[in-house]
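Residue numbers (our numbering), protein chains in the order written: chain A, 1 to 121; chain B, 1001 to 1715. Glycine is no exception: its CB is placed at the ideal position from the N, C-alpha and C atoms.
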Amino acid sequence: MKYMLLIFNRPGFVEELSQAERDELFGEVQTIMKELTESGELVGGEALADPTRTRTVRARDGLPAVTDGPFLEAKEHLAGYVTVDCETPERAVEIASRWPDVRFGGYMEVRAVLGDGGTEM
Amino acid sequence: MTDAAAAEDLLRSLAPQVLGTLVRRHGSFDACEDAVQEALLAAALQWPGDGVPANPRGWLLTVATRRLTDQWRSESARRDREAAVAAWEPPAGPVPAPGEDDPAGRDDTLTLLFLCCHPALTPSSQVALTLRAVGGLGTAQIARAFLVPEATMAQRISRAKQRIKATGARFGMPPPRERAERLRAVLHVLYLIFNEGYTASSGPDLQRADLTAEAIRLARALHALLPGDGEVTGLLALMLLTDARRAARTDGGGLLIPLTEQDRSRWNAAEIEEGTALITDALTWSPPGPYQLQAAIAAVHAEAARPEDTDWPQILSLYKLLSHVAPNPMVTLNQAVAVAMVHGPHAGLDLLRTLDDDERTAGHHRLAAVRAHLLETAGDLPAARAAYRTAARSTTSLPEKRYLETRAAGLNGEKTMRSYTLDVPGATLHYEIRGGGPTVLLICGGVYDAEAYSALASLLADRYMVVSYDRRGNSRSPLEGPPEPQSIAEHAEDASRLLSALAADPAFVYAQEPAYVFGNSSGAVIALELAARHPEQVRTVVAHEPPLLPLLPDADHWRAVLADVEETFAKEGPGAAMAKFGVEMGMQDDGGAQDGATEGEAAEGGADQGGPAEAPSPEILEMFARIERNTGFFIGYEVPSFGRHELDLDALRGSSAEIVLVAGEDSEGQPPQRATLIAADRLGVTVQRWPGGHGGFGTDAKSFADRLGELFGEP
């Protein structure tokens, strides 16, 4: 079963960390990624660039309209995601719990990925 | 089979034998497995060009052994243990050593299966390793089938092999006391592989569907090795019987089609035959295990040519046995469906309730989906809709989500109209059911048929099970013999027979309660006659303008008119008879005279959403064609006898059914309304006035639906 672990944190929070804290944060992420790779659970993942580079597309008067932003200073944003393929939902939650962003005020969302298989009802 | 396919088939069946031989000789499963993969790759590259060697097994064994030796050499060199290599030198030449003929290879396949399904591994690792080591599939193929990157799958397989190594498991059959347990694990892994392929939707996922073929191939191999094991036979039979439905289980767009709605002609007859033979035989000599029982259930489904031919009592008894042999909430879930089919949806819903507290199923989408289905059958549409939506939200399968959302959205009357037929003495009745809930029977008058009620029926279908039908001799309800004079009594009996048939069907729980009946014009006379004859079947009768001509003060005049109509029909045909009758009724001079609703009015009502300007729907246009055919039957065989019918007012007064008489606001003074007012007076009931004229059921369907809802009460 595949799960997407969505990483939310406050934009810019990394800049406020000390060098030692930053090293610890990235070191932990690296360790977890290495473990997931070795266990054969890692499907993929991406880190997202700063939200100031965001473009938002919405319909306005029935036509797509593009705006810059949103520029959210204090609120959490989606900073990246990791997709894992693991045996149980508990295991997915366990992986998410270890993500260091959680300790620094961020949070993780564990979302089951829709599969294309289905049984006759 | 093409040469390439034949070569691949050969390679894949040799893979486990070669691996087995290699592991027995050299011990290291981990290293041997890599070596065999490399040999398979080399064969896949060379054989198509060079041709399959004379001794393919020997060829693979030689190549794999060389790779293994190279591998050991380089490692040994690094560790300065060159001397150890000599012991692993392979025998020279490609000829297999004595004792390495097929039987040994076949035993090796079994040993390998046991090893790959080692309890130290997670199920997904067991699956991956089995497909590679026993199935001979490459990592890339397995990765594609499970939709993960190749690196992920490679890592999973490598981790699984390390695990096996770490447990110190030797290459050999597990001790006898562990065998049964290990065989169960093997069967489970094969079942997982099968399901992964079977549940994949068609189209872009053919890669994944290939897994079913692979699982069947492995199950066949296992069955050949252990022909005396009932569960192995059962699993193979279950796979064949399930796979037989593959082509019919999804539509062109990949949307799931439930078993009952599948085109059974698309089921694979050869697979059904083979699977059925296997399971029938196994059950004669083996104690029934879970796979055998599931296969037996699949076989019972497969033997039914139509869904309604399904032997549900037998399926239910098999589920009972299954829940005894292998108690499991998923079995209970399926059992609830069988219970519902045998004892009605409420019995099924009762059984489902026992699963609400089971943490394995509470919140599971299957529980909500089955509950939704049973609620829909029971007629509780709002609850069914809610349960379908809950199920759609909790599934992680996209096709299931689409299916469940479609079901929830489809629970409005118009879309779920179902047609049936009922054999009655002398005729076959066509009837239609919309929605679910307490039964509302609609009896049409005159030349019309079930379709004339489509607007009204759809409006009521969100709360009631609305049943409408073509009366005998009309439209789609043919008489057995030539046309003959009809009687209100016989038509009332038809209505009674229809209600009895619905009550006898366990699917319609509410139908066991007395029904609400609405009739218009001659349909109203039939409805009243039904209440007089069978009060136990009717809760309320709403009769809209019954043309009870014998009650009119000028009854003698009407007797003469009817005799004239009869004579004109015999001498001059339906057209002239109809014209005479229309003039006398003082309503219309078109075909639908007695029943008032002009074609324009009916179209307006029948088209439902459409206003008067809307073009009639194809269904309405078809109805017009039927009405034209009905007109001759109506004027020739219904009007004379129906018009003379004398209602038993005493019986009606004594009937337990509530009687409501309705007159149209726009049909004041017309003969049917005058007769209605007199009937109300005689029966001691008041007359309600509803919008529209004699055909108000079509022109003012919304008002009629609201007023009927008020009279019948919201369920």
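Given that residue i touches chain B, what residues does it touch there, using C-beta distances under 8 angstroms?
i      : result
A:E87  : T1122, P1123, S1124
A:D114 : Checking the sequence shown, residue 114 of chain A turns out to be Leu, not Asp. Per Cβ cutoff of 8 angstroms: T1396, S1397, L1398, K1401.
Would you mind telling me which residues of chain A sit closer than 9 angstroms to residue i, beta carbon to beta carbon, in chain order?
i       : result
B:P1149 : L42, V43, G44
B:T1167 : Those within 9 angstroms of B:T1167 in chain A number zero; the least Cβ separation is about 17 angstroms.
B:L1192 : The premise fails here: B:L1192 is roughly 12 angstroms from chain A at the closest Cβ pair, so nothing lies under 9 angstroms.
B:R1163 : Those do not exist, as B:R1163 stays about 11 angstroms from chain A at its closest Cβ, beyond 9 angstroms.
Just confirm the distance between the C-beta atoms of residue i and residue j, as a whole number of angstroms; I'd bet it's less than 8 angstroms.
i       : j       : result
B:P1399 : A:D116  : 7 angstroms
B:L1211 : B:A1145 : 5 angstroms
B:P1485 : B:P1640 : 7 angstroms
B:I1216 : B:L1240 : 7 angstroms
B:G1436 : B:A1378 : 7 angstroms
B:Y1510 : B:M1465 : 6 angstroms
B:V1370 : B:V1337 : 6 angstroms
B:G1197 : B:R1208 : 6 angstroms
B:F1029 : B:L1115 : 7 angstroms
B:L1677 : B:V1687 : 6 angstroms
B:A1675 : B:L1502 : B:A1675 to B:L1502, Cβ: 30 angstroms. No contact.
B:Q1071 : B:A1031 : 6 angstroms
Kindly list, in the order they appear in chain A, the residues whose Cβ is closer than 8 angstroms to that of residue i.
i       : result
B:R1159 : E38, S39, G40
B:M1153 : G40
B:R1249 : E120
Would you kindly report the start and end of the unbroken alpha helix (DSSP H) that includes residue i?
i       : result
B:A1625 : 1618-1633
B:L1240 : 1230-1243
B:A1383 : 1381-1394
B:D1494 : 1488-1504
B:H1324 : 1312-1325
B:W1558 : 1555-1572
B:A1122 : Looking at the sequence provided, one finds Thr at residue 1122 of chain B rather than Ala. First-last for B:T1122: undefined, no H or E at that position.
Does the Cβ-Cβ distance between residue i and residue j come in under 7 angstroms?
i       : j       : result
B:E1545 : B:Q1673 : yes
B:A1531 : B:V1538 : yes
B:L1278 : B:A1237 : yes
B:P1016 : B:T1109 : yes
B:E1665 : B:R1682 : no
A:L5    : A:A96   : yes
B:L1355 : B:P1329 : yes
B:A1701 : B:L1381 : no
B:A1039 : B:V1063 : yes
B:V1127 : B:V1186 : no
B:H1430 : B:S1468 : no
B:R1385 : B:L1411 : yes
B:G1709 : B:T1699 : no
B:I1488 : B:E1529 : yes
B:G1342 : B:W1312 : Residue identity check: residue 1342 of chain B is Val in the sequence provided, not Gly. In contact: B:V1342 and B:W1312 (Cβ atoms closer than 7 angstroms).
B:L1322 : B:L1352 : no
On the DSSP letters alone, give me the boundaries of the beta strand (DSSP E) that residue i sits inside.
i       : result
A:K2    : 2-9
B:V1467 : 1465-1469
B:G1519 : 1515-1520
A:V84   : 77-85
B:T1428 : 1427-1435
B:I1443 : 1439-1443
A:P64   : 63-68
B:W1267 : Per DSSP, B:W1267 belongs to no beta strand (DSSP E) and is neither H nor E.
B:W1690 : 1687-1690
A:I32   : Taken as a continuous stretch (DSSP letters only), A:I32 belongs to no beta strand (DSSP E), being part of the alpha helix (DSSP H) at 19-39.
Report the neighbours of residue i on chain A: residues whose CB is nearer than 7 angstroms to its CB, in chain order.
i       : result
B:A1200 : D116, G117
B:R1156 : G40
B:R1264 : What B:R1264 touches in chain A: nothing, since even the nearest Cβ is about 13 angstroms away.
- Query: Can we say the stretch 1428-1444 of chain B touches the stretch 1390-1410 of chain B, given the rule of at least three CB pairs closer than 8 angstroms?
  - Reply: no
- Message: Using 8 angstroms as the cut-off, can you tell me whether the stretch 1627-1640 of chain B makes contact with the stretch 1469-1487 of chain B, which would need three or more C-beta pairs spanning the two stretches below that distance?
- Response: yes
- Query: Taking one C-beta from the stretch 26-45 of chain A and one from the stretch 79-96 of chain A each time, how about it: are there three or more such pairs within less than 8 angstroms?
  - Reply: yes
- Task: Indicate whether the contact test is met: 3 or more Cβ pairs, each with one atom in the stretch 1170-1185 of chain B and one in the stretch 1142-1160 of chain B, closer than 8 angstroms.
- Result: no
- Message: For the pair the stretch 5-16 of chain A and the stretch 102-111 of chain A, tell me if three or more CB-CB distances fall below 8 angstroms.
- Response: yes
- Query: Are the stretch 1517-1526 of chain B and the stretch 1559-1569 of chain B in contact at 8 angstroms, needing three or more beta carbon pairs?
  - Reply: no
- Query: Touch check for the stretch 1225-1235 of chain B and the stretch 1272-1290 of chain B: three-plus C-beta pairs under 8 angstroms?
  - Reply: yes
- Touch check for the stretch 1003-1013 of chain B and the stretch 50-63 of chain A: three-plus C-beta pairs under 8 angstroms? no
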